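Number of protein chains: 2
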Amino acid sequence: MNGNLDSEELILLLKEHGLRITPHRIQILEMIIAEGHPTVEEIAKRVPNMSLTTIYNNVKQFVSMNIVKELPFENGMSRYELAKTNNYHVICQSCGLIVDFTFPNLIEVEDLASRLTKYKVHRHIMGIYGICTDCQHTAAR
Amino acid sequence: MNGNLDSEELILLLKEHGLRITPHRIQILEMIIAEGHPTVEEIAKRVPNMSLTTIYNNVKQFVSMNIVKELPFENGMSRYELAKTNNYHVICQSCGLIVDFTFPNLIEVEDLASRLTKYKVHRHIMGIYGICTDCQHTAAR
DNA sequence: TTTAATGCAAAGAATTTGCAAGCAA
DNA sequence: TTGCTTGCAAATTCTTTGCATTAAA
Numbered sequence: 001m002n003g004n005l006d007s008e009e010l011i012l013l014l015k016e017h018g019l020r021i022t023p024h025r026i027q028i029l030e031m032i033i034a035e036g037h038p039t040v041e042e043i044a045k046r047v048p049n050m051s052l053t054t055i056y057n058n059v060k061q062f063v064s065m066n067i068v069k070e071l072p073f074e075n076g077m078s079r080y081e082l083a084k085t086n087n088y089h090v091i092c093q094s095c096g097l098i099v100d101f102t103f104p105n106l107i108e109v110e111d112l113a114s115r116l117t118k119y120k121v122h123r124h125i126m127g128i129y130g131i132c133t134d135c136q137h138t139a140a141r
Numbered sequence: 001m002n003g004n005l006d007s008e009e010l011i012l013l014l015k016e017h018g019l020r021i022t023p024h025r026i027q028i029l030e031m032i033i034a035e036g037h038p039t040v041e042e043i044a045k046r047v048p049n050m051s052l053t054t055i056y057n058n059v060k061q062f063v064s065m066n067i068v069k070e071l072p073f074e075n076g077m078s079r080y081e082l083a084k085t086n087n088y089h090v091i092c093q094s095c096g097l098i099v100d101f102t103f104p105n106l107i108e109v110e111d112l113a114s115r116l117t118k119y120k121v122h123r124h125i126m127g128i129y130g131i132c133t134d135c136q137h138t139a140a141r
């Protein structure tokens, strides 16, 4: 059900983009897959002995090459996920938990946007905000 | 066609939320309406003699009270618009121009998200990225 | 060997905080 | 008058940059 890649596939992914294969790059990508939608800080916590600079450098490069997608959040921090995932995010306003769901049809909205505004549209992001089940129960007590 | 408010309506809006009426608050809200989707910096440029702190404080308060919506951008800066506007944004990846368009039907997506994830959904934001007409022409030359 | 990747330290940019002075109610 | 609002200065936080060291190809 999930689109996880093993490390051989990650190596291929890097090679396709002309990037050198380093343990750090593999680890960063593995963390992005394993963690859901980590921030740079969260990646750093799970992968000790790696400089923040390296994480920033690589994540930035991955984003510019469209290997990784950047999800800007309202507190100014960004979260990251693999670019090949094709889903939307529901974010808990109370605890921050992010749950994914798939909804493939919004190309219609891109088309409409393109027609109405004459932009040449490439992509879109959507964040849906609410309260997760746990926080609903906590609040009910 | 636009949902502009005159300053009497802005005063009412502040009173409804129990906020004191100050010239600065009126000016900040007027700028948010007039500018489209300003950053804090852009508000400061148009309203000299107001401290950045005041703009940050008020905008933050407006957001927490849902008077103003925050649109997080990938460079880490946020842009702001009145919360009552009900539209989506197409953002030019080349020059940053934002064009609004109305598309009222996405409550369906909120409903679906709610059903699939059991979140209690409150709102969503969507950003559509592409190239504006001007930049398309510039690139064609 | 050649060039890219790493990481420390320092710089930069956006935002927040502490606190004193000013103004709305 | 009372307490919210304002704003300066300083502190914080997140991110980027310069440059010397290390490692991939």
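Listed in order, the protein sequences are those of chains A and B. Residue numbers for the first sequence follow our numbering, beginning at 1 and rising by one. Residue numbers for the second sequence follow our numbering, beginning at 1 and rising by one. The C-beta atom is built at its ideal place from N, Cα and C for all residues, glycine as well. Just so it is clear, the structure is predicted and the values come from calculations on it, not from any experiment.
Interface flag, residue i vs chain A, CB-CB below 8 Å
i, result
"Tyr80 of chain B", "no"
"Val47 of chain B", "no"
"Val109 of chain B", "yes"
"Ala140 of chain B", "no"
"Asn2 of chain B", "The pLDDT assigned to Asn2 of chain B is 44, lower than 50, so where the model puts this residue is not dependable, and the model offers no usable value."
Burial state of residue i, where buried means 16 or more other Cβ atoms lie within 10 Å
i, result
"Leu29 of chain B", "buried"
"Ile128 of chain B", "buried"
"Thr117 of chain A", "buried"
"Glu8 of chain A", "exposed"
"His124 of chain A", "buried"
"Ala20 of chain A", "At residue 20 of chain A the sequence reads Arg, which differs from the Ala that was named. Exposed is the call here."
"Glu108 of chain B", "exposed"
"Ser78 of chain A", "buried"
"Cys132 of chain B", "buried"
"Glu16 of chain A", "exposed"
"Leu10 of chain A", "buried"
"Leu12 of chain A", "exposed"
"Gly130 of chain A", "buried"
Proximal chain A residues relative to residue i, where beta-carbon distance stays under 9 Å
i, result
"Gly76 of chain B", "Pro72, Gly76, Met77 and Ser78"
"Val68 of chain B", "Going along chain A, no residue has its Cβ under 9 Å from Val68 of chain B, so there is no contact; the nearest lies around 12 Å."
Within chain B, the residues that residue i reaches when beta carbons sit closer than 8 Å
i, result
"Val99 of chain A", "Thr117 and Tyr119"
Chain B residues whose Cβ lies nearer than 9 Å to that of residue i
i, result
"Thr54 of chain A", "Residues of chain B passing the Cβ test: none, with the nearest at roughly 20 Å."
"Thr133 of chain A", "Thr117, Lys118, Tyr119 and Lys120"
Proximal chain B residues relative to residue i, where beta-carbon distance stays under 7 Å
i, result
"Phe103 of chain A", "Val109 and Leu112"
Under 7 Å from the C-beta of residue i: neighbouring residues of chain A
i, result
"Gln136 of chain B", "Lys120"
The stretch 35–49 of chain A in contact with the stretch 27–41 of chain B per 3-pair CB rule at 8 Å: Between the stretch 35–49 of chain A and the stretch 27–41 of chain B there are fewer than three C-beta pairs closer than 8 Å, too few to call the two in contact.
Cβ-based contacts, 8 Å cut-off: residues of the stretch 111–129 of chain A near chain B: Leu112, Ala113, Ser114, Leu116, Thr117, Lys118, Tyr119, Lys120, Val121, His122, Arg123, His124, Ile125, Met126, Gly127, Ile128 and Tyr129
Between the stretch 83–96 of chain B and chain A, which residues of the former have a C-beta closer than 8 Å to a C-beta of the latter? Tyr88, Val90, Cys92 and Gln93
Assess, as a yes-or-no matter, whether the stretch 50–58 of chain A is touched by the stretch 44–63 of chain B under the definition of 3 or more beta carbon pairs within less than 8 Å. no
For the stretch 83–94 of chain B against the stretch 68–80 of chain A, are there 3 or more C-beta pairs whose distance is under 8 Å? no
Validate contact between the stretch 108–122 of chain B and the stretch 98–108 of chain A using beta carbons, cut 8 Å, 3 pairs: yes
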